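Asks: The sequence shown begins at 10 in the working numbering and counts up one residue at a time.
Heads up, the beta-carbon is just placed ideally off N, CA and C, and yes, glycines get one too.
No experiment lies behind these values; they were computed from the predicted model shown.
Got a structure for you, written out below as structure tokens; questions coming shortly.
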Amino acid sequence: MKKYQQLLLQNRAWVEQKLLEDKDFFNRLANVQKPEFLWIGCADSRVPANEITGTQPGEVFVHRNIANMVVHTDMNMLSVLDYAVNVLQVNHVIVCGHYGCGGVRAAMQHKQVGLIDNWIRHIKDVYRMHQDELEKIQDMKKREDRFIELNVIEQVYDLGKTSIIQNAWQSRGAPYIHGWVYDIRNGLIQDLNVSMNDDSGMSEVYRFEKLS
Ligand code: CO
């Protein structure tokens, strides 16, 4: 059997298991999607949003890209964000990075990889913003870990800079935006404690005037 065919077989087994636990599982999900969370995570295969948070289909709206970036010209990310915040009305947006992130590591190095170098550039900008703090850390592994955390924190702020989030904060005081980091070495998620649901911690220049 080809390896990809195994996936289809496993899908059949999964459906059987789900129906065994709850015969209406798919009927319920087919009719409505009302997730409470938007997850913005890394595309890394070791960081599957539902599995590591113990959530079921229907519970988390998911957007993943290399190094969990919030790039404000990214139509894909903006569309997911707009739909999640304004149509699904999620109350929490979680940016989750992970230690050992290849995208962040590449941003600390100088090798050309190809087209992806242009994506990595956004991560290099985060390095430049925090260069002093990062270069005080002599241990390269610890420096990389801190860079990963700072990258998550900057993406949280970048979400707050969007009109999508600022308008939602004004109209309904939500969503909360959270920054987390997942440790691929032990499976644990750590909250970086940068949650925000208003623009009070934000540089003046990024604040839009309130819509009346
Ligand atoms: Co990654």
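Return the CA-CA distance between Q147 and A76, expressed in angstroms with no decimal places.
Replies: What you label residue 147 is simply residue 138 of the sequence shown in a count that begins at 1. What you label residue 76 is simply residue 67 of the sequence shown in a count that begins at 1. Roughly 23 Å separates the two Cα atoms.
Asks: Identify the continuous alpha helix (DSSP H) that holds G111 and give its terminal residues.
Replies: Mapped onto the sequence shown, residue 111 falls at position 102. Unbroken alpha helix (DSSP H) run through G111: 111–117.
Asks: Hey, is L16's beta-carbon within less than 9 Å of any beta-carbon in chain C?
Replies: You won't find chain C in this structure, because it holds only one protein chain.
Asks: Reducing DSSP to helix, strand and coil, say where H131 ends up.
Replies: The residue you call residue 131 lines up with position 122 of the sequence shown. Helix at H131.
Asks: Return helix, strand or coil for Q42, following the three-state DSSP convention.
Replies: As a position in the sequence shown, residue 42 is number 33, starting the count at 1. Reduced to three states, the DSSP call for Q42 is coil.
Asks: Relative to the alpha-carbon of E158, which residue among D31, G50, K43, K11 has its alpha-carbon at the smallest distance?
Replies: Translated into positions along the sequence shown, residue 158 becomes position 149. The residue with the shortest Cα to Cα distance from E158 is G50.
Asks: Please find out if some non-hydrogen atom of the ligand CO comes closer than 8 Å to the beta-carbon of V161.
Replies: The sequence position of residue 161 within the sequence shown is 152, counting from 1. Every heavy atom of the ligand CO is 8 Å or more from the Cβ of V161, so no.
Asks: Under a Cβ-count criterion, where at least 16 other Cβ atoms within 10 Å of its own Cβ denotes burial, should E142 be classed as buried or exposed?
Replies: Within the sequence shown, numbered from 1, the residue matching residue 142 stands at position 133. Exposed.
Asks: Since G106 is in the beta strand (DSSP E), which residue starts that stretch and which ends it?
Replies: By one-based count along the sequence shown, residue 106 stands at place 97. 101–107 is the span of the beta strand (DSSP E), which, as asked, contains G106.
Asks: Is DSSP giving V96 helix, strand or coil here?
Replies: Numbered from its first residue, the sequence shown carries residue 96 at position 87. Three-state DSSP puts V96 in a helix.
Asks: Following the continuous alpha helix (DSSP H) through I173, name the residue where it begins and the one where it ends.
Replies: For the purposes of this step, residue 173 is taken as residue 164 along the sequence shown, with counting starting at 1. It spans 172–181 - the alpha helix (DSSP H) in which I173 sits, taken as one unbroken run.
Asks: CB A93 to CB P44, shorter than 9 Å?
Replies: Along the sequence shown, one-based indexing puts residue 93 at 84. Along the sequence shown, one-based indexing puts residue 44 at 35. Result yes, Cβ atoms of A93 and P44 sit closer than 9 Å.
Asks: With hydrogens ignored, establish whether the beta-carbon of G63 is closer than 8 Å to any heavy atom of the ligand CO.
Replies: Counting from 1 along the sequence shown, the entry for residue 63 is found at position 54. Incorrect: G63 has no Cβ contact closer than 8 Å to the ligand CO.
Asks: Should D33 be counted as a contact of the ligand CO given a C-beta to heavy atom distance under 8 Å?
Replies: Taking the sequence shown and counting its residues from 1, one reaches residue 33 at position 24. No, Cβ of D33 sits at least 8 Å from all heavy atoms of the ligand CO.
Asks: Starting from F217, follow the beta strand (DSSP E) in both directions and report where the run begins and ends.
Replies: What you label residue 217 is simply residue 208 of the sequence shown in a count that begins at 1. Where F217 is concerned, there is no enclosing beta strand (DSSP E), given that its DSSP letter is neither H nor E.
Asks: For Y191, count the other beta carbons within 10 Å of its own beta carbon; 16 or more makes it buried, fewer makes it exposed. Which is it?
Replies: In the sequence shown, the residue the question calls residue 191 occupies position 182. Under this definition Y191 is a buried residue.
Asks: Which residues bound the alpha helix (DSSP H) around Q26?
Replies: The count along the sequence shown starts at 1 and reaches residue 26 at position 17. Start and end: 12–30.
Asks: Hey, V104 and I186: beta-carbon distance below 9 Å or not?
Replies: For the purposes of this step, residue 104 is taken as residue 95 along the sequence shown, with counting starting at 1. For the purposes of this step, residue 186 is taken as residue 177 along the sequence shown, with counting starting at 1. Yes; because the gap between Cβ atoms is below 9 Å, this pair is in contact.
Asks: Going by beta carbon distance, what residues of the same chain come within less than 8 Å of L28, once the five residues before and after it are set aside?
Replies: Numbered from its first residue, the sequence shown carries residue 28 at position 19. These residues qualify, in order along the chain: F34, F35.
Asks: Return the CA-CA distance between K11 and L17, expressed in angstroms with no decimal places.
Replies: Translated into the one-based positions of the sequence shown, residue 11 becomes position 2. Translated into the one-based positions of the sequence shown, residue 17 becomes position 8. Cα to Cα, K11 sits roughly 11 Å from L17.
Asks: Exposed or buried, what is N20 when buried is set at 16 or more other beta-carbons lying within 10 Å of its beta-carbon?
Replies: As a working mapping, residue 20 is identified with position 11 in the sequence shown. N20 is exposed by the Cβ-count criterion.
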